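Colleague:
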Amino acid sequence: MSDDKKDSNRTTIIITVISTIGVVLAALITAYATITANSNHPTPAAPPSPTPLPDPAAFVRSYFNELWQTRDYDNMWNNDLTPKFKTTVVPKGENDFIQTWSSMQKIDVNSVTITSHQSDTSVSIKVNLTFYKKTGSTTEDLFFDLTYNPDLATWQFDVH
891 MSDDKKDSNR TTIIITVIST IGVVLAALIT AYATITANSN HPTPAAPPSP
941 TPLPDPAAFV RSYFNELWQT RDYDNMWNND LTPKFKTTVV PKGENDFIQT
991 WSSMQKIDVN SVTITSHQSD TSVSIKVNLT FYKKTGSTTE DLFFDLTYNP
1041 DLATWQFDVH
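The numbering used here puts the first residue of the sequence shown at 891, with every later residue one more than the last.
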């Protein structure tokens, strides 16, 4: 084979190799671009803003209104009072609780004042109430602690 023919074959082989390398590089670049575009690089999400808790004063108003209007004592005993409150404030148990509140003909909530915040989920309150019984009425300032129970999504009367 002549030297010119050998040079021509070498040139063809070199061009073919360079061309193949170019095609492979182009395929690699395309694959990398596709992988990069499809990769899941989520931007960090902002932390969820905390859900505001219900108003503790509204809970107290509702509680005392329910005591004489709906009189759902079992539900109130189980959901609105912490175990510590029950054993400390109503040591004779649920029957005593029911007996006390069922004697009320009406309860007026005159005012509810939050006197201190121990934390976002713990407050102390002062409640001015007028109790109406068959024998007459009395107005009293009562002081309570409340703790928010996230499992029940409600405030509860507590003892701090």
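The beta-carbon is built from N, C-alpha and C at its ideal position, and this holds for glycine as well. Predicted model only: the values in this text are computed from it and were never measured.
Spatial neighbours of N1039 within its chain, please: C-beta separation below 8 angstroms, excluding the five flanking residues on both sides.
Modeller: T972, W1045, Q1046
Colleague: Near S993, which residues of its chain fall below 7 angstroms by C-beta distance, leaving aside the five closest residues on each side in sequence?
Modeller: K1023
Colleague: From which residue to which residue does the alpha helix (DSSP H) around D1052 run?
Modeller: Residue 1052 lies beyond the stretch modelled for the chain, which goes from 891 to 1050, so this question has no answer here.
Colleague: For a quick check, are the C-beta atoms of A947 and V1002 less than 8 angstroms apart?
Modeller: With respect to V1002, A947 sits close: the two C-beta atoms are nearer than 8 angstroms.
Colleague: Should L1032 be labelled buried (16 or more other beta-carbon atoms within 10 Å of its own) or exposed?
Modeller: Exposed is the call here.
Colleague: Looking only at C-alpha atoms, which of L957, D1048, W958 sits nearest to V1013?
Modeller: Here the closest residue by C-alpha is D1048.
Colleague: Less than 6 angstroms between C-beta atoms, sequence neighbours within five positions excluded: which residues of the same chain meet that for P942?
Modeller: none
Colleague: Give the DSSP bridge partners of E1126, in chain order.
Modeller: Here the chain covers residues 891 to 1050 and nothing more, so residue 1126 does not appear.
Colleague: Among L957, A935, D945, which residue has its Cα nearest to the Cα of V999?
Modeller: L957
Colleague: Could you have a look at K996 and say whether DSSP puts it in helix, strand or coil?
Modeller: strand
Colleague: Leaving out five residues on either side along the sequence, give the residues of the same chain with a beta carbon under 6 angstroms from the beta carbon of H1050.
Modeller: D1035
Colleague: Say yes only if the C-beta of F954 is nearer than 7 angstroms to one or more non-hydrogen atoms of the ligand NAD, and no if none qualify.
Modeller: With respect to the ligand NAD, the structure offers nothing, as it holds no ligand at all.
Colleague: Starting from the Cα of N955, find the closest Cα among G1026, V1017, T978 and give me that residue.
Modeller: V1017
Colleague: Report the three-state DSSP secondary structure of N1039 (helix, strand or coil).
Modeller: strand
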